[in-house]
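Colleague: Just so we're aligned, residue 6 is where the sequence shown starts under the working numbering, counting upward by one.
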Amino acid sequence: MTQPVSTRDALLTAAYDAAVSGDWARIRMADVAAAAGVSRQTLYNEFGSKDALAQAMAMREVERFIAGTEAALDEANPDDPIQAVRAAALYTLQQAADNPLLKAALIDDEAGLLTFLTSRGEPAMKAARDSFERYYAAHWPDLSADDIAVAAETITRLTISYVVLPSDVPAEAIATSLATLANKLLRKDRS
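#1: Would Q60 and P128 be called neighbours here (beta carbons separated by less than 9 angstroms)?
#2: Under a three-way DSSP split, which group does S166 fall into?
#3: Within 10 Å of its beta-carbon, does P105 have 16 or more other beta-carbons around it, so buried, or fewer, so exposed?
#4: If the criterion is Cβ atoms closer than 9 angstroms, does the pair A93 and A77 meet it?
#5: Look at the alpha carbon of A63 and the alpha carbon of L118, and state the distance between them as a whole number of angstroms.
#6: Taking the C-alpha atoms as reference points, what is the distance between I160 and R33?
#7: One question on the structure: do T97 and V43 come within less than 9 angstroms of each other, judged by their Cβ atoms?
#8: With H, G and I counted as helix, E and B as strand and the rest as coil, what does DSSP make of G73?
#9: Tell me whether the beta-carbon of L111 lies closer than 9 angstroms to the beta-carbon of L58.
#10: Where in the stretch 7-87 do unbroken runs of the alpha helix (DSSP H), each at least 4 residues long, occur, reported from the N-terminal end onward?
#11: Kindly give me the distance between the Cβ atoms of G27 and D114, rounded to whole angstroms, as I take these residues to be in contact under 8 angstroms.
#12: Tell me whether the beta-carbon of A150 lies closer than 9 angstroms to the beta-carbon of R91.
#13: Have a look at R125 and R13 and give me their C-alpha separation to the nearest angstrom.
#14: In angstroms with no decimal places, state the Cα-to-Cα distance between V67 and F137.
Pasting the structure below:
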């Protein structure tokens, strides 16, 4: 039995649909509300502004990426933290290449959606760092919390930079490079 969709989810889905259509800069809050089947006032009560709606939509997508990355790590069941960095980075880069919202944000400069991963990207960055730190602390408790924090910060920032500025370098090669960096950040015998 499927659970009913909450008003918040319906509004975020309507906003997502508008954004991926390439129309976010021109879309009105009334259009999003109508697409979700609620009043404009309900939308404003839930989010307060178009900017807050866009932030919530971006964070929902970030949370989906994080959940997917965590599931991919659980499936890959890496034996060590270096393999885990490679698996997580590879999953993220491959998913980002086909993500409709990210594509819309990269193409539509007027929409301003890309700022939720760049100049206003701290909530997204924090969510990704927190996920990294939780996973590594739970799976490799012998690693230093400080080393994990530095690796989480560095690997997350680099991965996001490849997401927002796609490269011609294959995702596999980037993931391997990030794993090499993680080896230096997480190994006690680093030089």
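Each residue gets a CB set at the ideal place from its N, CA and C atoms; glycine is no exception.
Modeller: Let me spell this out:
#1: yes
#2: helix
#3: exposed
#4: yes
#5: 8 angstroms
#6: 37 angstroms
#7: no
#8: helix
#9: no
#10: 12-25, 34-41, 45-52, 55-81
#11: The pair is not a contact, with the Cβ atoms about 11 angstroms apart (cut-off 8 angstroms).
#12: no
#13: 22 angstroms
#14: 13 angstroms
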